[in-house]
Amino acid sequence: MKKIALVTIFMTALATVAFAGTIHGKVSGVSGESVVYVEGVAGKTFPAPTQHITVDQKGLMFVPHITAVAQGTTVEFLNSDSVAHNVFWPSISGNKKLGHNLGTWPQGQRKSFKFDDPGIVPLLCNVHPEMSGYVIVSPTPYFAVTDKSGDFKIDNVPDGAYTVTAWHEGAKNKSNPVKVAGDTTADFTLSK
Amino acid sequence: MNGKSFSFVFAAVLAILCALVVLSLPPSADAIPAFSRRYGTSCTTCHSDFPKLNDFGKAFKDAGFKFPKDDESFLKTPPVLLGAPAQAELWPHTVYPGSIPGLLPIGLRYNTYFQQVSANRNNFNLALPAGTVGNFIPKSDFEPGYFSIFTAGNFGTGISWWVDDDISVAGANVNGALGDGYLKFNDLSRFLKLPKDSLNLRAGQFELDLPFSQARTWNLSGWDIFSQANIGVQNGLAPAQNVNNGLALEDAANGVEFSGGHAYQGYHYSVAVFDQNTTGVFSNPPNVAPQNAIAYSSDSNFKDLYGRFVYRFNLEKDPASRNEVQAAGTTGPRDHTYLALGTFYFYGRTVQPFSGVLSDGVTPTVLTAREPFYRIGGDVNFNYRTFNVFGVYVAAHDHNLLPVTASGAAGITGFTPSAAATFSGGFAEADYLALPWAMTIMRWDQVKSTADRVNFIEYDPSAPPPSSFFSPYSATRNRFTPGEQFLIHANIKASIEYQIRPQQIVYNPATGLPLTGPFRTNALIVGLEFVY
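One line per chain: the protein sequences are A and B, in this order. FYI, this note's numbering numbers position 89 of the first sequence as 89, with every residue one higher than the one before it. FYI, this note's numbering numbers position 262 of the second sequence as 1262, with every residue one higher than the one before it.
This is the structure:
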């Protein structure tokens, strides 16, 4: 019985390794950080992550400027400045019905919000209109923020056919079909 | 009327004419793009409708053009140190360390205007003899405004500065002038173990601590009461006046000012001592050091005094929110709901020298009329969210010394007190920020001056008057000024103002009787302004 169990575990692990691929590539045509994520898979849901992510307001800036999270993630908005701030977003991916205003809170305190709707969330502060940040809510747990040269790597993507989207601030999104089989390359060229 | 008094009248009228020409230009208004660059933030961080300050802007100014807390954490360009901070421990054996901004803190501003004047604008020509080519006021007119430079900031150790200068005015480079130019020592109270920010000192040239800044008003035209001088001429009409007080409350003062408190909550006071500048003339050549560099514009050793006290009650129920720089709203920080009550007092003394004779009636001498004066006023300012209503009342009183000529004397031999020359008035204004970029304004200005009406009535046929087209119909001038302002961007503004002007009248120079019934010359002003 023990032997059977060990074999089962071994085979399962082997299958996982064998069928979990990696998407890597480069986002070009723009400079700075971009976000690449796998679009939703029909009929498949993912559990909401339990780990909270923090976005800070510091020195009249959202830090980090771009945050990528999986759908269902709770983001905590911290105010580290000695001036009053506000966080709101007028829409999510252009859907104004999903706009929200978190209000005001003093230095050192934070407010949380669970992002159940995937999309691009433009963060704004109604006191300091120059402040800008983004939360990219990926419909799947398969996403990555590129480095400044545009390189990215998404691990543990099950083999299969997907639509992968690249987003960059101020550029047009680009979605490409990608067939993941082991180590897969997917490059994107964005334009403004 | 003798020749001397006519010259005096003519000079006074000319002075008022010049003053009106200058006053017809919109007042200077400065927002500070230099701070935007330094902190990497929008104009709207400090201004609701530039240059109108919001509560944070008031706190920023109070702190010496710094963020009230943790200023260094907001700087996008580090300052240049003029000595390591640790050098302070060596003082007085070293120059005390300070700093200068890492980015040259200069801002520029330009504005341009369009004016449309109502149909009876040329009525003033009615007094001219037939066939005379008179002045002409066009129905519409485009006019350049100010091109100004301004710089401000702090030197890192509680010392701040401000300098602004109009490089050109109305397209003429020679018309520009220094606005404010001062150094301010913030929070001297820390050396005296007094409450924080309870004592500041500034020195140089500055606008008095008026309830509402005329130099930095957001309106296209300034408030009339702050522009009001008190010039009463002797023209044979009663009551006779002999005051030549060109001072207006909006005038810049040269001197020192002690101040304390905050503009965004609680008390604020200021006490200023400065040159009286009512009839000053430059000494020529300069006879006092610094040699040939600066002449002296005050013709008296008397120093004027100005004091102000205001208390602002923030009305939020939540104490934490009430005591913060900005109130915590449900959808973000905002200006407080508040009520501010203030008062101010100005005391000065004008000097008028006259050529006269001694008591022997023949020996020439200079006789000097020293006429004390005061201005006293109160102000109220109420704000609810984006609706702000405020007003000012001022009463002015000038001692009035009439020249007297002893029997048989060749000239005046002295002065005799007469009824004071007074004026009063003020304004009420409501601003509604309907949208973050659109503000609706309604204003009412009133000035009641004992001198205004008589100054421009001349009925001596041997002494033809200057144009009297701007003569008010009565001693009370009312002006209603609705307006709208739009921020195209945070640094570009379009403003519209319709001035329902005071009633005017034209008099027959020979009889002193009206040539026209009262009429108004209303004007539509459109302004475009940008700062960068």
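Where a beta carbon is used, it is the ideal one built from N, C-alpha and C, also for glycine.
Who are the Cβ neighbours of residue i in its own chain at under 7 Å, not counting the five residues just before and after it?
| i | result |
| --- | --- |
| VAL983(B) | Residue 983(B) lies beyond the range of chain B shown here (1001 to 1532); nothing can be said about it. |
| SER1036(B) | SER1042 and CYS1043 |
| LEU1528(B) | ASN1111, THR1112 and ALA1494 |
| PRO1105(B) | ALA1034, ARG1038, THR1151, ALA1152 and GLY1153 |
| ASP1049(B) | TRP1218, LEU1433, MET1439, GLN1485 and LEU1487 |
| SER1321(B) | ALA1327 and ALA1328 |
Which of the three DSSP states, helix, strand or coil, is assigned to residue i?
| i | result |
| --- | --- |
| PHE1309(B) | strand |
| GLY1057(B) | helix |
| ASN86(A) | strand |
| THR165(A) | strand |
| LEU190(A) | coil |
| ARG1202(B) | strand |
| VAL1506(B) | coil |
| ILE1225(B) | helix |
| PHE1142(B) | strand |
| PHE1074(B) | helix |
| SER132(A) | strand |
| LYS172(A) | coil |
| TYR1039(B) | helix |
| ASN1323(B) | helix |
| GLU1250(B) | coil |
| ASN1301(B) | coil |
| LYS148(A) | coil |
| ALA68(A) | strand |
| GLN1276(B) | coil |
Please tell me whether residue i has its Cβ less than 8 Å away from any Cβ of chain A.
| i | result |
| --- | --- |
| GLY1246(B) | no |
| THR1333(B) | According to the sequence shown, residue 1333(B) is Pro rather than Thr. With 8 Å as the cut-off, PRO1333(B) counts as an interface residue toward chain A. |
| GLN1326(B) | yes |
| LYS1069(B) | yes |
| TYR1338(B) | no |
| LEU1020(B) | Annotation note: pLDDT 38 at LEU1020(B) (below 50); position unreliable, coordinate value reported separately. By this cut-off, LEU1020(B) is not an interface position. |
| TYR1498(B) | no |
Going along chain B, which residues have a C-beta under 8 Å from residue i?
| i | result |
| --- | --- |
| THR45(A) | Per Cβ cutoff of 8 Å: no residues; THR45(A) is ~33 Å from chain B at best. |
Cβ of residue i less than 8 Å from any chain B Cβ?
| i | result |
| --- | --- |
| GLU130(A) | yes |
| ALA195(A) | The shown model of chain A, from 1 to 192, leaves out residue 195(A), and the question about it has no answer. |
| VAL83(A) | yes |
| ASN79(A) | no |
| GLY103(A) | yes |
| ASN156(A) | no |
| LEU60(A) | yes |
What residues from chain A crowd round residue i, counting only those whose CB sits closer than 7 Å?
| i | result |
| --- | --- |
| SER1042(B) | HIS128, PRO129 and GLU130 |
| SER1073(B) | GLY59 |
Which chain B residues are close to residue i, counting only those with a beta carbon under 9 Å from its beta carbon?
| i | result |
| --- | --- |
| ASN86(A) | GLY1329, THR1331, GLY1332 and PRO1333 |
Keeping to the same chain, check which residues put their C-beta closer than 6 Å to that of residue i; ignore five residues upstream and five downstream.
| i | result |
| --- | --- |
| ASP187(A) | GLY25 and LYS26 |
| PRO1033(B) | GLY1107, VAL1531 and TYR1532 |
| PRO1518(B) | TYR1473, GLN1503 and ILE1505 |
| GLU76(A) | HIS52, THR54, ARG110 and SER112 |
| ASN1135(B) | none |
Measure the beta-carbon distance from residue i to residue j and round it to whole angstroms, keeping in mind my assumption that it falls under 8 Å.
| i | j | result |
| --- | --- | --- |
| GLY103(A) | ASN86(A) | 7 Å |
| THR1045(B) | ASN126(A) | That belief does not hold up - the Cβ atoms of THR1045(B) and ASN126(A) are roughly 11 Å apart, past 8 Å. |
| ALA1203(B) | TYR1182(B) | 6 Å |
| GLU1371(B) | ARG1349(B) | 7 Å |
| THR1516(B) | ILE1505(B) | 6 Å |
| LEU1201(B) | PHE1155(B) | Incorrect: roughly 14 Å between the Cβ atoms, too far for contact. |
| THR140(A) | PHE46(A) | 6 Å |
| SER1424(B) | ALA1395(B) | 5 Å |
Which bits of chain A does residue i rub up against, with CB to CB less than 8 Å?
| i | result |
| --- | --- |
| TYR1039(B) | LEU60 |
Under 9 Å between beta-carbons, which chain A residues line up against residue i? List them in chain order, please.
| i | result |
| --- | --- |
| THR1045(B) | LEU60, VAL83, VAL127, HIS128, PRO129 and GLU130 |
Go through its chain and collect everything with a Cβ distance to residue i's Cβ below 8 Å, but skip five positions before and after it.
| i | result |
| --- | --- |
| GLY1266(B) | TYR1311 and ARG1312 |
| PRO1290(B) | Note that PRO1290(B) scores a pLDDT of 43, beneath 50, so its modelled location is shaky and nothing firm can be said. |
| TRP167(A) | SER34, VAL35, VAL36, TYR37, ILE120, ILE136 and ASN173 |
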